[in-house]
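Here's the structure we're looking at; comments come further down.
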Amino acid sequence: MATVSPPRHYRAYRPRPFTAAERKDVTILFGGLTWKHERLVQAALENQGYKALPLPNIERVDLDVGKELTDVGACCPTTFTTGSLARFLRDKAKEIGPEAVNRNYVYMTAGSCGPCRFGQYHESYTMALDGIGLKEFRLFLLDQTELDQGAAAGGGLEMNMAFSLGLVWGILCGDLITDLEYRTRPYEVVPGATDAAVKEAVERMYQAFRSRPNRGRKWGALAWTLFSRYYTNALKDVRRIFEKVEVDRLRVKPRVKITGEFWLQTHEGDGNYDIKRWLEREGAEVVPPPIAVWLDYLIGLALAELEEKAETDPKARKKVRIVKLLQKAYTWSYNRLRGALSGIPAELPDQKVLQELAQPYYHFRLNGGEGYMLVGKALYAHRNKHAHMICELSPYSCMPNTMSVGAMANVMGQHPDLLYSPIEIKGDAEVHALSRCQMVLTEAKKRAQREFDEAAARTGLTLEKARELESKRPGLRSAMAPFPHHGAAGTAANHLIELARRSR
Amino acid sequence: MLRTWFGRRPSAPSTPRPAKDRSKLRVGIPRVLNVWSTHRFWTAFLEALGVRPENIVYSSDTSEDQGREFGKGRGAVDCCYPVKCMSGHYGELVFGQRRKLDVILSPIIYTLPSFLHGHVQGSFSCTRVAAGPENIKSGFLKEADVFSGNGIRYASPFVSFAERALMPRQMVKGLGDVLDLDLEEATKAVDAGFDALDEFNARMRSKSREILESCAREDRPCLLVLARPYHMDPGIGHEIEVNVQASGFPILWMQYFPLDSDLLEWVFHDDLKSGVIRNCFDISDVWPSSYSANTNEILWGAKVAARLPWITCVLRLSSYECGMDQPTYTPVQKIVEGGDTLLFKFGDLDSTKPSGSVRIRVETIVHYVRKSSSDIIARKRARLPADCPLLPRR
């Protein structure tokens with residue numbers, strides 16, 4: 069007869085409570101966005117009385133640390149982000165000791181209701197915590213689809229409307245600055261001027277978010293965020309900062325739209341081979357993907373699901389009306405913020421249009437990863453001449469993205485003129501990935517030049533003549549000069565047509 | 024008078040609509056992915072619409088030959104094998120039929136009819152599995168429309184098995200044109216489909232209970248397979264469990280584990296008593312992100328295996344590059360082994376059956392099951408209440 073031992077049944081990780089009393093001593097760690105977005109999120113958190121610190125930007129070594137600590141086969145964003153958190157905590161533990169790390173830091177990350185591994189990142193994190201001997205460390209999940217989640221896990225994190233709106237508006241403003249940055253840097257006359265302007269702009273917005281007034285936790289905060297001029301005034305300062313940057317928009321460059329998996333397309337650094345900067349060095353203008361589009365996509369998905377339910381459930385009809393109102397308020401707010409920057413940052417694409425464009429290739433209700441957006445955005449940019457080329461970033465072994473990329477084969481079959489470069493990012497195969505991209509970029513460059521030459525022939529303007537016209541209107545050499553789209557994908561071609569119109 | 028004018032009843036009897044004749048319609052269904060757990064629904068659904076049973080054609084089990092002959096050059100992207108092999112199934116239905124098909128029905132199964140639904144956060148299909156049809160069809164459309172070129176209409180209804188009330192309308196949207204389907208017909212056919220599926224699942228669970236009862240009576244071990252439904256496909260799961268069964272050990276699949284409350288309350292007695300779980304289907308103690316139906320069921324199966332005495336060994340099957348399984352490897356191992364139960368994992372299964380290594384591992388499994396089962400049964404049995412519902416009451 070075997071001896072009876074008590075069962076050692078496995079239990080999932082549950083963080084110790086993070087209490088309200090601890091707020092003043094505990095630093096909330098977070099990451100996964102660009103340094104600009106993170107700086108503004110940090111300010112929004114500090115404004116709510118939290119100590120907050122973004123994790124250091126991802127480095128190549130994080131991939132190795134992540135691989136060492138998680139189950140084999142994880143996708144590259146999981147591996148990088150897990151490695152980044154583990155490396156920071158391990159270094160901190162060496163500095164102040166594991167108990168102090170467990171006591172003084174918590175990690176906050178976005179959860180998900182989707183079927184992809186994105187919703188299971190925390191499994192990797194907890195495994196890594198186990199691996200570095202910090203099982204007691206606390207990490208909390210934010211539901212990215214809820215604005216008012218109430219107090220969670222001991223009351224230390226109160227995810228009310230004011231808290232969430234601060235985060236969302238921080239992200240929107242981060243997007244707008246990023247949009248200006250990528251429109252400006254390839255054309256800057258003084259090297260480094262754009263980066264300096266971005267830094268100054270982010271700090272200006274950091275101060276604005278950090279010292280935003282308290283207007284209640286729910287409806288007051290909502291009304292103030294939607295209707296006050298606080299953020300638009302701050303963005304007008306950003307406009308003035310960028311106005312000082314001189315640009316030469318007559319440089320012919322292909323516009324490369326970045327699409328793909330959320331983390332990879334947003335990231336700026338080793339996690340995606342710093343591909344945006346690399347493209348710029350190769351002579352391209354990058355069209356970065358705003359996180360605002362992702363948030364709009366989530367609203368669109370919720371709406372589509374509710375609309376289907378509303379066919380059989382009268383209760384869902386009321387929710388449909390609420391979500392439609394939310395969607396309108398969201399787009400209106402984004403446009404209002406854009407307006408403070410002279411409307412130069414790109415507007416949000418209509419999600420219904422993206423769905424319809426993608427529908428023959430990819431069902432709009434398939435919600436893993438970027439779902440229909442990968443196909444929809446590529447076709448939208450192609451048809452509306454917003455870019456010469458699509459560079460799509462997929463993590464190695466990404467489940468939803470491989471499906472969308474497969475559907476793109478059909479898109480390519482029917483749109484052979486679409487320049488599309490799907491890049492699989494493993495994190496450690498840089499040369500292979502970049503050389504693939506470079507092949508398509510070469511063709512995009514030719515197209516940009518051809519388009520510019522055609523615009524020159526059509527308008528009768530030579531480059532020299534255009535420069536002469538520009539010199540008479542020095543305001544047009546400002547990064548914040550009006551930037552109308554005249555049907556060309558390239559900035560130089562559009563600018564040339566604009567100069568021709570003004571000279572009439 | 025007014026009642027006649029404004030009443031809902033028509034003043035004259037309407038002529039009954041002629042029944043739509045679908046008896047000659049031939050419908051092909053790729054035998055892939057979650058069709059493995061919903062095929063009874065699809066068969067009964069089509070039969071209820073008047074499609075004759077002999078005209079409902081499922082593609083063959085997956086095989087390398089099938090992929091070579093019918094799927095070559097059709098793959099659009101590299102991904103897990105269970106999705107990748109769909110090209111061969113599509114191709115077989117298009118090119119490999121003696122009598123041509125009229126329709127290929129490849130459903131986009133968004134949510135699943137999981138027995139855990141209502142106790143978990145969601146019952147979604149794997150994101151790749153759901154999107155598989157959209158991915159694979161592109162290989163048959165990118166150069167020319169192979170379906171219409173062969174006189175076939177391709178239909179891919181988006182269906183939410185976890186929300187039955189939505190299904191009739193989803194069928195009309197996805198199949199309305201192809202099958203000339205209206206809502207009334209769809210509602211009846213969906214009901215018939217679910218009845219057939221429920222009946223089949225109940226029958227299979229009852230068979231599993233019989234096996235468990237015989238193991239309990241004879242105090243002998245059985246093995247539980249933790250895998251996704253498509254691992255029942257001999258070309259994907261490579262019949263590994265069949266090799267083990269050949270050594271005399273009964274095999275149960277988690278998908279058809281009995282759900283009788285007497286059994287589950289006995290198995291989870293301590294967890295229920297201590298309040299660790301709210302009910303027998305609660306997996307929040309081991310898996311907080313319970314969105315994916317098949318993953319949830321694997322985690323639940325691991326919990327059962329860790330507690331039920333006569334399950335002395337778990338066979339875990341997982342396909343190459345399975346992103347849904349990847350985060351569960353460690354939790355499943357810890358759950359099963361934490362209950363003093365053997366665990367053998369066959370990971371990264373692909374198109375090729377590694378016969379040699381499977382044979383060696385099967386020998387290892389059989390050795391350990393024979394060696395350790397009586398101790399495992401005794402240890403686990405001693406932790407549970409004496410009154411076992413699998414044994415005849417004294």
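First to last, the sequence lines map onto chains Z and E.
The first sequence begins at 69 in the working numbering and counts up one residue at a time.
The second sequence begins at 24 in the working numbering and counts up one residue at a time.
In this text, a Cβ means the ideal position worked out from N, Cα and C, and glycines have one as well.
For Phe93 (chain E), the three-state DSSP class (helix, strand or coil): helix
Counted within 10 angstroms of its Cβ, other Cβ atoms place His254 (chain E) as buried (16 or more) or exposed: buried
Other residues of its chain near Met24 (chain E): CB distance less than 7 angstroms, five sequence neighbours each side excluded: Any answer about Met24 (chain E) is weak, because its pLDDT of 45 lies below 50 and its placement is not dependable; what the coordinates show is given next. Taking Met24 (chain E) as the centre and dropping the five residues before and after it, the same chain places no C-beta closer than 7 angstroms to its C-beta.
Within chain E, partners of Gly474 (chain Z) - CB distance below 7 angstroms: Ala99, Val100, Asn158 and Ser161
DSSP state of Pro85 (chain Z) mapped onto helix, strand, coil: coil
Cross-strand partners of Val174 (chain Z) (DSSP beta bridge): Z:Ile96 and Z:Arg206
Any chain Z beta carbon closer than 9 angstroms to Cys411 (chain E): no
Through-space distance from Pro105 (chain E) to Tyr352 (chain E), alpha-carbon basis: 19 angstroms
Any 3 or more C-beta pairs closer than 8 angstroms across the segment 169–183 of chain E and the segment 462–475 of chain Z: no
Where Ser410 (chain Z) falls: helix, strand or coil (DSSP): coil
Bridge partners - Ala325 (chain Z), DSSP secondary structure assignment: Correcting the residue type first, residue 325 (chain Z) is Lys in the shown sequence and not Ala. The partner list for Lys325 (chain Z) (beta bridge, DSSP) reads Z:Val355 and Z:Ile458.
Gln144 (chain E) versus Ile306 (chain E) - alpha carbon distance: 10 angstroms
Exposed unless 16 or more other CB atoms sit within 10 angstroms - verdict on Thr61 (chain E): When all chains shown are included, Thr61 (chain E) counts as buried.
Tyr429 (chain Z) versus Gly99 (chain Z) - alpha carbon distance: 34 angstroms
Interface flag, Ala250 (chain E) vs chain Z, CB-CB below 9 angstroms: no
Under 9 angstroms between C-beta atoms of Leu246 (chain E) and Pro281 (chain E): Cβ distance not < 9 angstroms, so Leu246 (chain E) and Pro281 (chain E) don't count as in contact.
Integer-rounded CB distance, given that Cys144 (chain Z) should sit under 8 angstroms from Lys494 (chain Z): 6 angstroms
Span separating the alpha-carbon of Ala264 (chain Z) from that of Arg253 (chain Z): 10 angstroms
With 16 other Cβ atoms within 10 Å as the buried cut-off, status of Asn452 (chain Z): exposed
Alpha-carbon to alpha-carbon, Gly543 (chain Z) and Pro484 (chain Z): 40 angstroms
For Thr134 (chain E), the residue or residues it bridges with in DSSP: E:Phe147 and E:Ser183
For Arg121 (chain E), the first and last residue of its enclosing alpha helix (DSSP H): Arg121 (chain E) -> no alpha helix (DSSP H), and no H or E assigned at all.
Own chain residues within Cβ distance below 6 angstroms of Leu215 (chain Z), not counting five before or after: Summary for Leu215 (chain Z): the model assigns pLDDT 45, below 50, so the residue's position carries little reliability; its value from the coordinates is reported in the next sentence. Beyond the five residues adjoining it in sequence on each side, Leu215 (chain Z) comes within less than 6 angstroms, by CB distance, of Met229 and Ser232 in the same chain, given in chain order.
Cβ pair Pro180 (chain E), Asp285 (chain E) closer than 9 angstroms: Cβ atoms of Pro180 (chain E) and Asp285 (chain E): not closer than 9 angstroms.
C-beta atoms of Arg382 (chain E) and Asn266 (chain E) nearer than 9 angstroms: Contact: yes.
Contact set for Arg307 (chain Z): own chain, Cβ-Cβ below 7 angstroms, skip 5 residues either direction: Ala408, Leu409, Ser410 and Met548, listed in sequence order.
Cβ pair count under 8 angstroms reaching 3, the segment 527–546 of chain Z against the segment 292–309 of chain Z: Contact between the segment 527–546 of chain Z and the segment 292–309 of chain Z is absent: fewer than 3 CB-CB pairs across the two stretches fall below 8 angstroms.
Inter-stretch contact (C-beta, 8 angstroms, three-pair minimum) for the segment 371–388 of chain Z and the segment 516–535 of chain Z: no
Contact check, Gly586 (chain Z) vs Phe148 (chain Z), beta carbons under 9 angstroms: Only positions 69 to 572 of chain Z appear in this structure, which leaves residue 586 (chain Z) out of reach.
Within chain E, the residues that Glu376 (chain Z) reaches when beta carbons sit closer than 7 angstroms: Leu189
Cut-off 8 angstroms between Cβ atoms - residues of its own chain near Val195 (chain E), not counting five sequence neighbours on either side: So the qualifying residues of the chain are Leu204, Asp205, Leu206 and Ala209.
Given 8 angstroms, three or more beta-carbon pairs between the segment 444–460 of chain Z and the segment 320–339 of chain Z: yes
Chain-ordered neighbours of Glu379 (chain Z) on chain E, where CB pairs are closer than 7 angstroms: Arg192
Near-chain Z residues of the segment 297–311 of chain E (beta-carbon distance less than 8 angstroms), N- to C-terminal order: Contacts with chain Z (Cβ-Cβ distance below 8 angstroms) from the segment 297–311 of chain E involve Val299, Ser307, Asp308, Val309, Trp310 and Pro311, listed in chain order.
Environment of Arg97 (chain E) [buried if 16+ CB atoms lie within 10 Å]: Counting the other CB atoms within 10 Å of its CB gives Arg97 (chain E) a total of 16 or more, which places it among the buried residues.
Neighbour flag for His190 (chain Z) against chain E, beta carbons, 9 angstroms: Cβ-Cβ to chain E under 9 angstroms: yes for His190 (chain Z).
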